[in-house]
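Novice: First residue of the sequence shown: 45, per our numbering; consecutive thereafter.
By construction, the Cβ of each residue, glycine as well, lies at the ideal position given by its N, Cα and C atoms.
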Amino acid sequence: MPIHARPPLRLLLASLLAATLALLLDACATTPPPAAPAPPPSIAESLADASPPPPSASAATPSPPPALPTRPPPAPTAPDAGPAPALALQQRATACLLDPTCPASEADRLFRAADDAHEDAVDCFRFADGDDTQKDLARARACLARSLSASKCDGSSADLGQAELAMDLIDGVGGPQDITGARKLFDGCFADVTQQEVLEYADARAASATAPHKDFCKDYGGTTLTSNACAARGRQHQETQSALLAKKAVAGLDDEGKRLFAAASAAYASYVGAMGSYVYEVWKDGTIRNMEALAEESALLERRTMEIGRFAHLAATATSADELARSSRNVDDALKKQRARAATDDVRAKIADAQRAWSGYRDAEVALYVHVFGGATRSDEVRDAVRVSLNKARTLDLGK
Numbered sequence: 045m046p047i048h049a050r051p052p053l054r055l056l057l058a059s060l061l062a063a064t065l066a067l068l069l070d071a072c073a074t075t076p077p078p079a080a081p082a083p084p085p086s087i088a089e090s091l092a093d094a095s096p097p098p099p100s101a102s103a104a105t106p107s108p109p110p111a112l113p114t115r116p117p118p119a120p121t122a123p124d125a126g127p128a129p130a131l132a133l134q135q136r137a138t139a140c141l142l143d144p145t146c147p148a149s150e151a152d153r154l155f156r157a158a159d160d161a162h163e164d165a166v167d168c169f170r171f172a173d174g175d176d177t178q179k180d181l182a183r184a185r186a187c188l189a190r191s192l193s194a195s196k197c198d199g200s201s202a203d204l205g206q207a208e209l210a211m212d213l214i215d216g217v218g219g220p221q222d223i224t225g226a227r228k229l230f231d232g233c234f235a236d237v238t239q240q241e242v243l244e245y246a247d248a249r250a251a252s253a254t255a256p257h258k259d260f261c262k263d264y265g266g267t268t269l270t271s272n273a274c275a276a277r278g279r280q281h282q283e284t285q286s287a288l289l290a291k292k293a294v295a296g297l298d299d300e301g302k303r304l305f306a307a308a309s310a311a312y313a314s315y316v317g318a319m320g321s322y323v324y325e326v327w328k329d330g331t332i333r334n335m336e337a338l339a340e341e342s343a344l345l346e347r348r349t350m351e352i353g354r355f356a357h358l359a360a361t362a363t364s365a366d367e368l369a370r371s372s373r374n375v376d377d378a379l380k381k382q383r384a385r386a387a388t389d390d391v392r393a394k395i396a397d398a399q400r401a402w403s404g405y406r407d408a409e410v411a412l413y414v415h416v417f418g419g420a421t422r423s424d425e426v427r428d429a430v431r432v433s434l435n436k437a438r439t440l441d442l443g444k
């Protein structure tokens with residue numbers, strides 16, 4: 045199955061990422077450099093103390109990253125275009141979260157406003173997990189109940205929203221305990237492992253109030269459908285942490301630095317998305333294709349989070365021409381090996397897409413570091429050190 049025919053979850057992630065990145069880049073005064081992947085933790089090893097460091101740590105992309113609604117939303121619409129679209133506030137909230145220059149408090153306000161306005165496909169899990177909002181279990185439960193009120197299984201499998209709301213009702217999270225109501229959520233649903241696990245938990249809690257509490261995603265997972273949704277929820281949490289760090293990192297940058305930071309973050313998001321598409325293509329004939337793709341994206345986002353956490357404390361040390369050339373050759377060699385391992389032309393095409401995205405990210409990230417750390421006399425030093433570090437990270441990625 046080609047990528048464009050992916051299941052709704054993957055299509056949703058891709059479409060929301062594209063819309064969010066468009067909003068983020070439209071906010072920048074000038075056009076950012078081409079897109080590509082994020083710097084590896086080895087930048088911290090390549091860069092050492094020097095002149096006064098810039099602002100504090102941060103940032104990540106977004107691969108999109110999109111919010112995780114309980115039901116697929118309509119096609120995204122620009123928040124300021126025409127009559128109020130169904131996702132206006134939710135979409136603006138996501139764009140604000142991923143824009144390093146937009147205050148976290150504004151993203152929080154917009155997420156809550158979207159819920160208060162009862163917009164379609166509000167991401168209820170953000171309130172349960174505290175992802176760029178204060179954790180609000182009562183709001184999360186009410187949001188899930190509202191989003192599911194008009195939907196029926198009609199013989200299909202229950203989704204993560206139903207499973208999570210049922211767990212809330214069983215445990216009395218965010219409101220009174222209602223085990224009978226939890227069971228009713230599965231009326232008309234296909235009798236699969238998700239339903240079985242939740243109803244068995246309901247029986248255990250009904251039999252004993254001291255039965256241990258369970259977390260659906262951590263302790264169960266359910267079907268492939270709900271397991272993938274749990275993985276996407278975890279990916280979103282990682283992306284949110286990176287985005288919040290990014291906002292701290294840009295606080296002390298000048299306007300050009302902020303523009304370059306936003307461009308590098310958007311470029312890394314493109315790389316994350318391209319790598320997810322590559323992994324999906326490799327596994328496309330298996331039932332774990334979504335899980336594998338989301339795991340790859342989460343790992344890349346985690347690396348970006350760690351690197352940006354060290355952003356403010358770095359300055360370049362000298363890098364030899366031989367070291368730079370060797371790191372570039374290593375990328376080329378690893379790329380050739382990955383292409384040779386590719387089973388189909390479609391996989392090779394995804395490898396090429398990921399390499400283009402990485403090249404764009406590399407250029408955007410180098411431009412950011414040179415601007416912030418290079419000064420009048422050290423631009424070449426910074427440029428070479430960052431390129432070596434990025435080459436090392438790409439070589440590792442190609443070896444997967």
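#1: I'd like the list of long-range same chain contacts for residue 308, defined as Cβ closer than 6 angstroms, with 5 residues on each side in sequence excluded.
#2: Can you check whether the CB of residue 394 is closer than 7 angstroms to the CB of residue 341?
#3: On a Cα-Cα basis, can you pick out the residue from 328, 318 and 404 that is closest to residue 397?
#4: Taking the beta carbon of residue 311 as the centre, do at least 16 other beta carbons fall within 10 Å, making it buried, or is it exposed?
#5: Taking the alpha-carbon positions, what's the residue 442 to residue 401 distance?
#6: Does residue 331 come out as helix, strand or coil in the three-state DSSP assignment?
#7: Do residue 151 and residue 173 have their C-beta atoms within less than 7 angstroms of each other?
#8: Residues in its own chain within less than 6 angstroms of residue 304 by CB, not counting five upstream and five downstream?
#9: Considering only their Cβ atoms, is the gap separating residue 163 from residue 133 smaller than 7 angstroms?
#10: Within this structure, are the beta carbons of residue 345 and residue 282 separated by less than 7 angstroms?
#11: Could you compute how far the alpha carbon of residue 178 sits from the alpha carbon of residue 155?
#12: Can you give me the C-alpha to C-alpha distance between residue 406 and residue 208, rounded to a whole angstrom?
#13: With a 10 Å radius around its C-beta and 16 neighbouring C-beta atoms as the bar for buried, classify residue 256 as buried or exposed.
#14: Check this for me: beta carbons of residue 219 and residue 196, under 7 angstroms apart or not?
#15: Please go through the same chain and pick out, in chain order, the residues whose beta-carbon is closer than 7 angstroms to the beta-carbon of residue 426, but skip the five residues on each side of it.
#16: Tell me which residues share the same chain as residue 288 and place their Cβ nearer than 7 angstroms to its Cβ, disregarding the 5 neighbours each side in the sequence.
#17: Would you say residue 320 and residue 306 are within 7 angstroms of each other, going by their C-beta atoms?
#18: Given a cut-off of 7 angstroms on the beta-carbon distance, is the pair residue 271 and residue 348 in contact?
Specialist: On the basis of the supplied data:
#1: Numbered from 1 along the sequence shown, position 264 holds the residue referred to as residue 308. Only 408, 409 and 412 meet the Cβ criterion.
#2: Taking the first residue of the sequence shown as position 1, residue 341 is located at position 297. Taking the first residue of the sequence shown as position 1, residue 394 is located at position 350. Result no, Cβ atoms of residue 341 and residue 394 do not sit closer than 7 angstroms.
#3: Locating residue 397 in the sequence shown gives position 353, counting from the first residue. Nearest to residue 397 by alpha-carbon distance, out of 328, 318 and 404, is 318.
#4: Residue mapping note: residue 311 aligns to position 267 of the sequence shown, counting from 1. Residue 311 should be labelled buried.
#5: Position 398 of the sequence shown, counting from 1, holds the residue named residue 442. Position 357 of the sequence shown, counting from 1, holds the residue named residue 401. Rounded to the nearest whole angstrom, the CA to CA distance from residue 442 to residue 401 is 13 angstroms.
#6: As a working note, residue 331 is residue 287 in the sequence shown. Correct three-state label for residue 331: coil.
#7: Taking the first residue of the sequence shown as position 1, residue 151 is located at position 107. Taking the first residue of the sequence shown as position 1, residue 173 is located at position 129. Annotated as distal: residue 151 and residue 173, with beta-carbon spacing of 7 angstroms or more.
#8: Taking the sequence shown and counting its residues from 1, the one referred to as residue 304 is at position 260. So the list reads 411, 412 and 415, once near-sequence residues are dropped.
#9: For this step, residue 133 is matched to residue 89 along the sequence shown. For this step, residue 163 is matched to residue 119 along the sequence shown. Remark: C-beta atoms of residue 133 and residue 163 approach each other more closely than 7 angstroms.
#10: Here residue 345 is taken as the residue at index 301 of the sequence shown, counted from 1. Here residue 282 is taken as the residue at index 238 of the sequence shown, counted from 1. Closer than 7 angstroms, so yes.
#11: Reading the sequence shown from its first residue, position 134 is the one you call residue 178. Reading the sequence shown from its first residue, position 111 is the one you call residue 155. Distance between the alpha carbons of residue 178 and residue 155 is about 11 angstroms.
#12: Here residue 406 is taken as the residue at index 362 of the sequence shown, counted from 1. Here residue 208 is taken as the residue at index 164 of the sequence shown, counted from 1. Pairing residue 406 with residue 208, the inter-Cα distance amounts to about 40 angstroms.
#13: Taking the first residue of the sequence shown as 1, we reach residue 256 at position 212. By the neighbour-count criterion, in which 16 or more other beta carbons inside 10 Å mark a residue as buried, residue 256 falls on the exposed side.
#14: The count along the sequence shown starts at 1 and reaches residue 219 at position 175. The count along the sequence shown starts at 1 and reaches residue 196 at position 152. In this structure, residue 196 does not lie closer than 7 angstroms to residue 219 by Cβ.
#15: For the purposes of this step, residue 426 is taken as the residue at position 382 of the sequence shown. Shown here for residue 426: same chain residues with a beta carbon closer than 7 angstroms to its own, the five before and five after excluded, namely 360, 413, 414, 417 and 418 in chain order.
#16: Along the sequence shown, one-based indexing puts residue 288 at 244. Closer than 7 angstroms at Cβ, skipping near neighbours: 148 and 176.
#17: As a working note, residue 320 is residue 276 in the sequence shown. As a working note, residue 306 is residue 262 in the sequence shown. Contact flag unset, no.
#18: Here residue 271 refers to the residue found at position 227 when the sequence shown is read from its first residue. Here residue 348 refers to the residue found at position 304 when the sequence shown is read from its first residue. No, Cβ-Cβ distance for residue 271 and residue 348 is not below 7 angstroms.
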